[in-house]
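**Q**
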Amino acid sequence: MLRRIGTGLVVLWVAATAAYLALLAAPGSTVDTIVGDGADTPAIRSQIITEWGLDRPAVLQYLDYLWRAAHGDLGRSYLLQRPVSAIVGEQVWPTLKLALSAAVLGILLALVLALTTRRPWARRVSSTAELVVVSTPPFLIGIVLLSIFSFRFGLFPVSGDHGVAALVLPAVTLALPIAGVLTQVLRDGLDRALDEPFTVTARARGLRESAVLVRHALRHALLPAVTLLGWLFGVLLGGAVIIEQVFGRPGLGQVTLTAVNSKDMPVVLAVVVLSALVYVVLNTVADLAYLLVDPRLRRS
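Each step along the sequence shown adds one to the number in the UniProt record's numbering, with nothing skipped, and position 205 is 205.
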């Protein structure tokens with residue numbers, strides 16, 4: 001655990017540094033961003049440079065950012081003139097709600113498909129559908145779902161975040177590609193597990209094929225799927241930024257897009273570090289989940 005925590009801190013540092021360097025190299029002026037549409041005079045620009053410490057070398061600004069971030073101070077937004085922690089905190093729940101809903105839906109759909117498409121014809125149909133949804137950009141899936149279920153049949157709201165109905169189409173849009181990948185991984189894992197000696201023993205004891213599949217083979221097939229846990233939520237968080245725009249939902253997507261376009265460095269850095277933190281935590285949880293799924297790892 002200590003080794004994983006140390007590795008996680010390195011990942012957070014690399015993510016924050018990469019985002020800082022990318023924004024530093026981006027075109028445009030930070031002073032122009034802060035001035036915005038307000039009064040623009042040499043005196044005001046000089047005051048802004050002094051107040052925000054923009055006259056210091058970039059290395060000192062970078063070190064100052066790391067020091068403040070290590071103490072929980074994410075800075076103040078250039079554009080909104082508010083604490084970054086408050087801005088991100090207000091928008092993180094809608095994004096988290098969408099990501100969690102899509103994750104649960106995708107995992108359940110993958111389990112059902114992997115367990116029920118064992119026959120050759122069902123496997124071919126399912127594999128074709130999985131290939132289609134995995135190969136299709138999520139925003140295009142969202143537009144198709146909107147066209148059919150919102151514009152044509154009027155079953156779900158077109159935009160917004162009011163009630164469960166407004167969450168259905170965005171969650172399905174994000175869940176389908178996830179389910180497509182997980183189904184393939186689980187199905188391959190089941191095929192390998194069913195060829196292992198322990199399944200032969202289970203059948204010899206008189207267990208039905210469905211019991212062998214669910215109680216024995218599925219547990220072993222879960223190991224490679226658990227490995228994808230960090231990747232899964234990384235895809236969901238990245239996809240949520242785009243899907244929130246397609247469905248007009250509040251969340252980190254709109255905040256991130258605005259911050260990047262306006263070069264609002266404190267907000268962008270906060271979102272990057274938050275995403276990296278989620279990735280580190282989930283990969284640590286995945287490592288611990290191995291111990292629950294496979295008891296042999298506890299004894300090793």
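Where is the CB? At the ideal position from N, CA and C, for every residue including glycine.
Assuming residue 266 contacts residue 66 under a Cβ cut-off of 8 angstroms, what Cβ separation, rounded to an integer in Å, is found between them?
**A** Between residue 66 and residue 266 the Cβ distance is about 13 angstroms, and since that is not below 8 angstroms, they are no contact.
**Q** Alpha carbons only, please: which of 168, 115 and 184 is nearest the one belonging to residue 134?
**A** 184
**Q** Taking the alpha carbon of residue 232 as the reference point, which residue from 273, 256, 282 and 205 has its own alpha carbon closest?
**A** 282
**Q** When DSSP labels each residue in this structure, what does residue 157 get in the three-state scheme?
**A** coil
**Q** Looking only at its own chain, which residues have a Cβ that is under 8 angstroms from the Cβ of residue 20, when we skip the five neighbours before and after it?
**A** Correct list, in chain order: 62, 65, 265 and 269.
**Q** Would DSSP call residue 3 helix, strand or coil?
**A** Residue state, collapsed to three classes: helix.
**Q** Taking the alpha-carbon of residue 18 as reference, which of 287, 284, 81 and 276 has the nearest alpha-carbon?
**A** 276
**Q** Report the CB separation of residue 171 from residue 102 in whole angstroms; it is logged as a contact under 8 angstroms.
**A** 5 angstroms
**Q** What does the alpha-carbon distance come out to for the pair residue 226 and residue 280?
**A** Looking at the backbone, the Cα of residue 226 and that of residue 280 are separated by about 14 angstroms.
**Q** Run through the DSSP bridge pairs and tell me what residue 76 is partnered with.
**A** Residue 76 pairs with 83.
**Q** Check whether the Cβ atoms of residue 272 and residue 15 lie closer than 7 angstroms to each other.
**A** Remark: C-beta atoms of residue 272 and residue 15 approach each other more closely than 7 angstroms.
**Q** What are the start and end residues of the alpha helix (DSSP H) that includes residue 188?
**A** 165-194
**Q** Within the stretch 104-135, note down every full alpha helix (DSSP H) run reaching 4 residues or more, in order along the chain.
**A** 120-135
**Q** Quick one: is residue 177 buried, meaning 16 or more other Cβ sit within 10 Å of its Cβ, or exposed?
**A** buried
**Q** With contact counted as at least three CB pairs below 8 angstroms, one residue from each stretch, are the stretch 115-134 and the stretch 179-196 in contact?
**A** yes
**Q** Where does residue 205 sit, in a helix, a strand or coil, going by DSSP?
**A** coil
**Q** Leaving out the 5 sequence neighbours to the left and right, which residues in its chain are closer than 6 angstroms to residue 79 when beta-carbon positions are compared?
**A** Here the set comprises 262 and 264.
**Q** Grab the span of the alpha helix (DSSP H) containing residue 42 for me, first residue to last.
**A** 42-52
**Q** For residue 220, which three-state DSSP category applies?
**A** Under the three-state reduction of DSSP, residue 220 is assigned to helix.
**Q** Hey, residue 252 and residue 95: beta-carbon distance below 7 angstroms or not?
**A** Yes; because the gap between Cβ atoms is below 7 angstroms, this pair is in contact.
**Q** Give me the Cα-Cα distance between residue 145 and residue 108, rounded to the nearest whole angstrom.
**A** Looking at the two C-alpha atoms, the distance is approximately 20 angstroms.
**Q** Put residue 139 into one of helix, strand or coil per three-state DSSP.
**A** helix
**Q** What do you get for residue 50, buried or exposed, if any count of 16 or more other CB atoms within 10 angstroms of its CB means buried?
**A** When all chains shown are included, residue 50 counts as exposed.
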